[in-house]
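In case it helps, the numbering used here puts the sequence shown at residues 1 to 490.
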Amino acid sequence: MQPVRVRFAPSPTGRPQVGNIRTAMFNWLLARHTGGTFILRIEDTDVTRKVGGAVEYIMEGLRWLGLDWDEGPEVGGDYGPYFQSQRLALYQEAARRLVEQGDAYYCYCSSERLEEMRQDQVARKQPPGYDRRCRSLTPLECAQKESGGLRPVVRFRVPESGQTRFRDLIYGDVVFENTTIDDFVMLKSDGYPTYHLANVVDDRAMKISHVIRGEDWISSTPRHLLMYKALGYEPPQYAHNPLILGPDRSKLSKRHGAVSILEYRDQGYLPETMFNFIALIGWSLDDKTEIISREDLVKNFSLERMGKTGAIFNREKLDWMNGVYIRGLAPDDFARRVLPFLEKDLPTAVRRPLHADYVRRIMPLVQERTKRLTEVAGLVKFFFVDELEYDPPLLIAKNMDRSTTLKALEVSLSRLEKLADFSEALLEALLRPLAEELGLKAGQLFSVLRTAVTGETATPPLFQTMSVLGRDRCLKRLQEALARLRTVSS
Ligand code: GLU
């Protein structure tokens, strides 16, 4: 058995989406499952589509998910360079060889001519494709064109009959009639290869054993196989992954709320969640397991369990899964991960840097109900601000009025002032009986106090909240609440 060598070969034309990352992940999983090698190769030969910063973004996304590469940019390797733009001579050499063998030819058609041809084909309702005008130019004719200053492209000479077939590890037998494949360009007139040529040359040069890629590349595969054959190379094995679909079963897009990989990070999803979630789009362990660790994925991964049909991206499931992973974090770990979101999202008036110890004490109060790390700042804001903002009538609990609320606040304040230690147990021991003494339901008194100390009506449990806020803050806020309510006319 040949050792497994797989690659993720993104084109730096933008920010990778879930589909690209899933491709990277399946390659990585196969490599890790088999003890093989995972390679990152940057396919940057389409100069017009290159986007600045895209390579860095791709690498950061992979790192965030822990998809480490054994060969590629920054780490090097025996088969580099790993940027195709630094390997042009290899592609030119392959193209030259194919021309010499008669498997490829120079084409001098101008872009205007090709455009006319295309329009003509559309008008006649013919399939698009090069009409092969330059296919049988003699060397002399070529030389004449070149002396006139024309620079050719190199096209592959696709057989005019027969079939190209392969066994896809996911789709099974795939057959293409050669008549449906046009004489595609391999090398452009500026000496840059097209995707097809560079991909084949590098997969061969880098000893790639399996090509796992999106289904949208499946129609390129017969072209690649024809080139392998002409070059006398053994092709890799192919596994094309079905597309990811939105809930309406159309191709997943921004319209479905799908965003690029690091945006999920910025939206407060954990990398563990994304890893688990993306791996289960189109792959399953046993059709029922939803929560599966990275280790178990590596242990159990196999291409046989890849689905053949489009897999649905379910955002609600993602949120649910993130909640599961968040609840499973050790409290300190949760606090550590939330901290940057708090630094960023708490009101600007809150002094930075935040007190890590204080943050650590608050976090257990919200961890259980957090679905995304971005929600936390909103839930805990009142722990940090100096001034609460709320409408004073909010202090008045259900079935109470201004005067009963004022009384509840006054008595609570005087009792609490005498309490030296604001521990949860002591607060509870004081405040539960106090409600009864005031003729209130516990819920009513707690609601008044909650609004007074937090400015909100829904918060983590009251005694824990007061205990973390501390005596001074609580007493000050109760005094302020009294003052505010007194300004409200009865
Ligand atoms: N550069 C191609 C892409 O951007 C690679 C496709 C392949 O894996 O062959 O997805």
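We put the beta carbon where it would ideally sit given N, CA and C, even for glycine.
* Asked: Along the chain, where does the alpha helix (DSSP H) that runs through Ile58 open and close?
  -> Sequence index remark: in the sequence shown, residue 58 carries index 58 (1-based). Residues 54-64.
* Asked: So what does DSSP say about Arg372, is it helix, strand or coil?
  -> Numbered from 1 along the sequence shown, position 372 holds the residue referred to as residue 372. If DSSP states are grouped into helix, strand and coil, Arg372 belongs with coil.
* **Inter-residue spacing [alpha-carbon to alpha-carbon] between Leu245 and Gly257** => For the purposes of this step, residue 245 is taken as residue 245 along the sequence shown, with counting starting at 1. For the purposes of this step, residue 257 is taken as residue 257 along the sequence shown, with counting starting at 1. It is roughly 12 Å from the alpha-carbon of Leu245 to the alpha-carbon of Gly257.
* Asked: Does the ligand GLU have a heavy atom nearer than 7 Å to the CB of Asn276?
  -> Against the sequence shown, residue 276 aligns to sequence position 276. Outside the cutoff, so no.
* Asked: Is there at least one non-hydrogen atom of the ligand GLU closer than 7 Å to the beta-carbon of Ser540?
  -> The question about residue 540 has no answer here: the residues shown for the chain are numbered 1 through 490.
* Asked: For Arg167, does the three-state DSSP call read helix, strand or coil?
  -> Here residue 167 refers to the residue found at position 167 of the sequence shown. Three-state result, Arg167: strand.
* Asked: Around the C-beta of Asp203, are 16 or more other C-beta atoms found within 10 angstroms, so that it is buried, or is it exposed?
  -> Locating residue 203 in the sequence shown gives position 203, counting from the first residue. The residue in question, Asp203, is buried, as its Cβ has 16 or more Cβ neighbours within 10 Å.
* To do: Answer yes or no: the CB of Asn199 versus the heavy atoms of the ligand GLU, is any distance below 7 Å?
  => As a working note, residue 199 is residue 199 in the sequence shown. Yes - the ligand GLU has a heavy atom lying nearer than 7 Å to the Cβ of Asn199.
* **the region 413-426 in contact with the region 375-382 per 3-pair CB rule at 8 Å** => Verdict: no, contact absent.
* Nearest-angstrom Cα separation, counted from Ser293 out to Asn276 -> Position 276 of the sequence shown, counted from the start, is the residue given in the question as residue 276. Position 293 of the sequence shown, counted from the start, is the residue given in the question as residue 293. Looking at the two C-alpha atoms, the distance is approximately 7 Å.
* Say yes only if the C-beta of Trp69 is nearer than 7 Å to one or more non-hydrogen atoms of the ligand GLU, and no if none qualify. => As a position in the sequence shown, residue 69 is number 69, starting the count at 1. Taking non-hydrogen atoms of the ligand GLU into account, the C-beta of Trp69 is found less than 7 Å away from none of them.
* May I ask you to list the residues that DSSP assigns as paired with Val154? => The residue you call residue 154 lines up with position 154 of the sequence shown. Bridge partners of Val154: Tyr106, Leu187.
* Asked: In angstroms, rounded to a whole number, what distance separates the CA positions of Ala9 and Ala31?
  -> Taking the sequence shown and counting its residues from 1, the one referred to as residue 9 is at position 9. Taking the sequence shown and counting its residues from 1, the one referred to as residue 31 is at position 31. Each residue's Cα considered, the two are about 15 Å apart.
* **Three-state secondary structure assigned by DSSP to Thr37** => For the purposes of this step, residue 37 is taken as residue 37 along the sequence shown, with counting starting at 1. In the structure shown, Thr37 sits in a strand (DSSP, three-state: E or B).
* Note the first and the last residue of the continuous beta strand (DSSP E) segment covering Ile212. => Taking the first residue of the sequence shown as position 1, residue 212 is located at position 212. Note, Ile212: beta strand (DSSP E), 210-214.
* Do Leu445 and Ala458 have their C-beta atoms within less than 8 Å of each other? -> As a working mapping, residue 445 is identified with position 445 in the sequence shown. As a working mapping, residue 458 is identified with position 458 in the sequence shown. For the 8 Å CB-CB criterion, Leu445 and Ala458 do not form a contact.
* Reduced DSSP category for Gln17 - H, G, I as helix; E, B as strand; rest coil -> Within the sequence shown, numbered from 1, the residue matching residue 17 stands at position 17. Of the three classes helix, strand and coil, the one that applies to Gln17 here is coil, per DSSP.
* Which same chain residues, not among the five before or five after Ser11, have their C-beta less than 6 Å away from its C-beta? -> Translated into positions along the sequence shown, residue 11 becomes position 11. These residues qualify, in order along the chain: Glu43.
* To do: Determine, using beta carbons only, whether Met186 and Arg155 come nearer to each other than 8 Å.
  => Residue mapping note: residue 186 aligns to position 186 of the sequence shown, counting from 1. Residue mapping note: residue 155 aligns to position 155 of the sequence shown, counting from 1. Annotated as proximal: Met186 and Arg155, with beta-carbon spacing under 8 Å.
* To the nearest whole angstrom, what separates the beta carbons of Gly129 and Asp182, a pair I think is in contact under 8 Å? -> Reading the sequence shown from its first residue, position 129 is the one you call residue 129. Reading the sequence shown from its first residue, position 182 is the one you call residue 182. Contact flag correct, Cβ pair sits at about 3 Å.
* Does the distance from the C-beta atom of Leu395 to that of Ala481 stay below 8 Å? -> To locate residue 395, count along the sequence shown from 1; it is residue 395. To locate residue 481, count along the sequence shown from 1; it is residue 481. In this structure, the beta-carbon distance from Leu395 to Ala481 falls below 8 Å.
* **Three-state secondary structure assigned by DSSP to Trp69** => Residue numbering aside, residue 69 sits at position 69 when the sequence shown is read from its first letter. Of the three classes helix, strand and coil, the one that applies to Trp69 here is coil, per DSSP.
* Asked: Within 10 angstroms of its Cβ, does Met1 collect 16 or more other Cβ (buried), or is it exposed?
  -> The residue given as residue 1 occupies position 1 in the sequence shown. Classification of Met1: exposed, given that the 10 Å Cβ count is below 16.
* **Range of the contiguous beta strand (DSSP E) that encloses Glu177** => Taking the sequence shown and counting its residues from 1, one reaches residue 177 at position 177. Where Glu177 is concerned, the enclosing beta strand (DSSP E) stretches over 172-177.
* Quick one: using the 10 Å Cβ neighbour count with 16 as the cut-off for buried, is Ser403 buried or exposed? => As a working note, residue 403 is residue 403 in the sequence shown. Classification for Ser403: exposed.
* Check whether the Cβ atoms of Gly14 and Ala54 lie closer than 8 Å to each other. => Residue mapping note: residue 14 aligns to position 14 of the sequence shown, counting from 1. Residue mapping note: residue 54 aligns to position 54 of the sequence shown, counting from 1. Taking the C-beta atoms as reference points, Ala54 is found nearer than 8 Å to Gly14.
* Below 8 Å, can you find three or more Cβ-Cβ pairs linking the region 34-41 to the region 81-91? -> A contact exists between the region 34-41 and the region 81-91.
* To do: Could you tell me whether the region 317-333 touches the region 358-370, using the rule of 3 or more Cβ pairs below 8 Å?
  => Yes, since at least three Cβ pairs between the region 317-333 and the region 358-370 fall closer than 8 Å, the two stretches touch.
* Taking the C-alpha atoms as reference points, what is the distance between Arg87 and Pro242? -> What you label residue 87 is simply residue 87 of the sequence shown in a count that begins at 1. What you label residue 242 is simply residue 242 of the sequence shown in a count that begins at 1. Going by the C-alpha atoms only, they are around 31 Å apart.
* Note down, in chain order, each residue of its chain lying with its Cβ closer than 7 Å to the Cβ of Phe463, except the 5 sequence neighbours on either side. => For the purposes of this step, residue 463 is taken as the residue at position 463 of the sequence shown. For Phe463, the CB contacts under 7 Å within the same chain, skipping 5 residues up- and downstream, are Glu424, Leu427, Glu428 in chain order.
* **C-alpha gap between Arg351 and Arg49, whole angstroms** => Here the question's residue 351 lines up with position 351 in the sequence shown. Here the question's residue 49 lines up with position 49 in the sequence shown. Looking at the two C-alpha atoms, the distance is approximately 44 Å.
* **alpha helix (DSSP H) runs wholly inside the region 365-413, at least 4 long, in chain order** => Listed in chain order, they are 376-380.
* Indicate, with yes or no, if the ligand GLU has a heavy atom lying under 7 Å from the CB of Tyr325. => Counted from its first residue, the sequence shown places residue 325 at position 325. Incorrect: Tyr325 has no Cβ contact closer than 7 Å to the ligand GLU.
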